[in-house]
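Under the numbering used here, the first residue of the sequence shown carries the number 607, and numbering increases by one thereafter.
One structure is given here, and the rest of the page talks about it.
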Amino acid sequence: ESVAWLEQHLQQYKGTVIAVTHDRYFLDNVAGWILELDRGHGIPWKGNYSSWLEQKQQRLAVEEKKETQRQKTLQRELDWLHMSPKARQTKRKSRINDYNRLLEQNVERANEER
């Protein structure tokens, strides 16, 4: 009964509430949006807990796809650098810079995760 009363009270409340709970049903009933803290950043999500889970899975799938593509590009650039004749120095320098930029993205992500 007390949880039902609290849910009803919070649904009518116009202010902001920070709720820390493991009760997913409660969050589904009272949350209008969720602020996810991820790698040092706050990501606002509109909707209740269930919709947040769905949106988060979609976001993680997109991130994973981008990371897979980045890794493939890194490998392709590295292969090119190993096979490239030294006669094409200008192009080679450009490709080395591209490769280093991709590597820096990996370092930046690692720092964000700490």
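By construction, the Cβ of each residue, glycine as well, lies at the ideal position given by its N, Cα and C atoms.
Note that the coordinates shown come from a computational prediction; the quantities given were computed from them, not determined experimentally.
At the C-beta level, Glu683 and Asp704 come within 8 Å of one another. If you compare the alpha carbons of Thr622, Arg645 and Ala610 with that of Asp629, the shortest gap goes to Ala610. Per DSSP, Asp634 lies in no beta strand (DSSP E) segment; the continuous alpha helix (DSSP H) that holds it begins and ends at Arg630 to Val636. When rounded, the separation of the alpha-carbon atoms in Ile640 and Tyr655 is 7 Å. By the Cβ-count criterion, Ala637 is buried, with 16 or more other Cβ atoms from all chains shown falling within 10 Å of its own Cβ. Straight-line measurement puts the Cα of Gln661 at about 10 Å from the Cα of Gly653.
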